[in-house]
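For reference, the structure is listed below as structure tokens.
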Amino acid sequence: MHEKKFKSKLKFKKDKENQEVELLKSQLARALADYDNLTKRVERERRESVEYSNLKLILKLLPVLDMLYEAQKHLNDSGIGLTIKEFEEVFKSEGLERITIKNGESVFDESLHEAIEVVAGSDKDNIICEEVVSGWKFVEGQVVRPAKVKVYQKIS
Numbered sequence: 001m002h003e004k005k006f007k008s009k010l011k012f013k014k015d016k017e018n019q020e021v022e023l024l025k026s027q028l029a030r031a032l033a034d035y036d037n038l039t040k041r042v043e044r045e046r047r048e049s050v051e052y053s054n055l056k057l058i059l060k061l062l063p064v065l066d067m068l069y070e071a072q073k074h075l076n077d078s079g080i081g082l083t084i085k086e087f088e089e090v091f092k093s094e095g096l097e098r099i100t101i102k103n104g105e106s107v108f109d110e111s112l113h114e115a116i117e118v119v120a121g122s123d124k125d126n127i128i129c130e131e132v133v134s135g136w137k138f139v140e141g142q143v144v145r146p147a148k149v150k151v152y153q154k155i156s
């Protein structure tokens with residue numbers, strides 16, 4: 001009789017310990033998953049912070065490049081040309097590309113272009129007649145700065 005009671009207590013204690021072990025295993029698995037999620041979030045936030053910093057710098061450098069383009073139009077200097085090329089290579093290495101426009105052929109797209117002037121009287125409608133300031137976007141599509149353009153508007 002005493003033996004039955006002892007075995008019963010022993011089984012109860014063993015079951016309780018097994019439950020505690022399972023609970024601890026579950027808590028450990030959750031803690032490891034939380035740590036993994038935290039690591040991923042911190043890495044993502046770090047990457048986003050670097051991208052944001054790069055974008056801020058790019059936005060500050062674009063007006064400088066614009067001035068170089070303007071100077072090159074008037075002077076046609078090889079040194080300025082090399083500097084422009086270096087800027088473009090750096091931007092390309094950062095995943096940036098110039099928004100391509102063919103004057104008189106490209107259709108105005110408000111997601112890529114900003115119309116700063118409408119030119120009336122042409123038989124073309126909604127076609128870019130002149131790029132005033134070049135636009136830039138990331139290769140994957142996000143526009144950094146829309147191109148400032150003049151657009152033809154057909155008069156009815």
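Numbering-wise, full-length UniProt numbering puts 148 at position 148 of the sequence shown, and it's gapless, one number per residue.
For every residue, glycine included, the Cβ atom is placed at its ideal position computed from N, Cα and C.
Applying the 10 Å Cβ sphere with the 16-neighbour rule, what's the burial state of residue i?
i    : result
E43  : exposed
I116 : exposed
K92  : exposed
K137 : buried
If we ignore side chains and look at the alpha-carbon of each, how far apart do residue i and residue j end up?
i    : j    : result
F12  : T39  : 40 Å
K148 : G135 : 7 Å
Y69  : A33  : 52 Å
L28  : Y35  : 10 Å
L112 : K56  : 19 Å
V139 : E20  : 54 Å
E45  : K85  : 32 Å
M67  : G121 : 31 Å
N76  : E51  : 34 Å
K9   : E22  : 20 Å
G79  : N54  : 26 Å
K7   : N18  : 16 Å
E48  : E88  : 23 Å
K60  : V143 : 15 Å
N103 : N37  : 49 Å
What whole-angstrom Cβ distance do residue i and residue j have, given they're in contact under 8 Å?
i    : j    : result
Y152 : D125 : 6 Å
K150 : E130 : 4 Å
S106 : I128 : 5 Å
Taking the alpha carbon of residue i as the reference point, which residue from the options has its own alpha carbon closest?
i           : options               : result
P63         : V139, E20, V133, E114 : V133
G95         : E20, R41, I58, S156   : I58
R98         : V90, G104, E105       : V90
L65         : L82, S53, Y52         : L82
T100        : E51, G141, F6         : G141
residue 157 : S26, R145, F6         : Residue 157 is absent from the structure shown; the chain starts at 1 and stops at 156.
Any beta-carbon of chain D closer than 9 Å to the one on residue i?
i   : result
L23 : Absence of chain D from the displayed structure is noted, only one protein chain being present.
Extract the residue ranges of the alpha helix (DSSP H) inside the stretch 39 to 105, only unbroken runs of 4 or more that lie entirely within it.
78 to 93
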